[in-house]
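At position 117 of the sequence shown (counting the first as 1) the number is 117 in the UniProt record's numbering, and the numbers step up by one without a gap.
We put the CB at the ideal spot given by N, CA and C, even for glycine.
Worksheet: one structure, shown below.
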Amino acid sequence: MNQDSINLVEHYYAAFNSGDMKTFLNLLTDDVIHDINQGKREIGKEAFTQFMACMNYNYKEQLVDIVIMATADGARAAAEFVVLGEYIQTDEGLPVAQGQKYRLPAGAFFEIRDNKVARITNYYNLQDWIAQVNP
C-alpha cells in the first residue's frame, strides 16, 4: 500500500465532506477523467467542476465509513464508503425531490499521477437510490 496515495484520497474525501470545493478541485489533474456511475465519461477539470456544481445544487451528501486501498506503486487506489444524503432539488430524469434522505453504499476507483487524481470512477446502485427516494 502506498501511503501517499491513501493520504491523497483521504484529503479528497475530507475536502468533499467539508464542502471545500476549491481544495477538492485542486486535487485533480487538469485533464482528469471522470467516469460517472451509469453515465458518460467526462474529461477535464472544467467538466468535473460543472458536474460538482450540479451535484451540490441537487444533493447534500456526506461520506462515512470510508476505507481506502492503494497499489504498492501508488498509481491506483480504491475506496469503499457509505453516502448519507438528502435529495434537495429534483435532478433531470429522476424522481421529484422532497428532501428525502438516503443511505447508499458506494465505491470509487482512482488513477493517480503526480500526487493528483487523474481518473475517478464512481459506482453505486442507482435502483437502490431510486427505491429510497421514491417509495
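Whether residue i touches residue j by CB criterion (8 Å)
i	j	result
Ala118	Ile112	yes
Ala70	Asn115	no
Phe110	Ala78	yes
Tyr124	Tyr87	no
Leu25	His11	no
His34	Ala47	yes
6 Å Cβ shell around residue i - same chain, five flanking residues per side excluded
i	result
Asp4	Gly74
Phe51	none
Gln100	Tyr87 and Val133
Glu80	Val67 and Gly107
Close beta carbons around residue i, own chain, < 8 Å, minus the five adjacent residues each side
i	result
Asn17	Gln62 and Leu63
Ile36	Glu42, Phe51 and Asn122
Ala72	Met1 and Asn2
Nonlocal neighbours in the same chain, by C-beta distance under 7 Å from residue i, ignoring five residues either side
i	result
Trp129	Tyr102 and Leu104
Gln38	Leu126
Thr49	Leu25
Asp65	Phe81 and Val82
Closest residue to residue i among the options (Cα-Cα distance)
i	options	result
Asn122	Val82, Tyr87 and Gln89	Val82
Val67	Pro135, Ile88 and Asn7	Asn7
Arg76	Asp91, Ile120 and Val133	Ile120
Gln98	Asn134, Glu80, Thr23 and Leu84	Asn134
Residue environment, residue i, which counts as buried when at least 16 other CB atoms sit within 10 Å
i	result
Val96	exposed
Asn19	In the sequence on display, residue 19 carries Gly and not Asn. Classification for Gly19: exposed.
Gly93	exposed
Tyr57	exposed
Ala53	exposed
heavy atom of the ligand PLP below 7 Å from residue i C-beta
i	result
Leu27	In terms of ligand content, the structure shown is empty, and the ligand PLP therefore cannot be addressed.
Distance between beta carbons of residue j and residue i, contact taken as under 8 Å
i	j	result
Asp30	Lys45	5 Å
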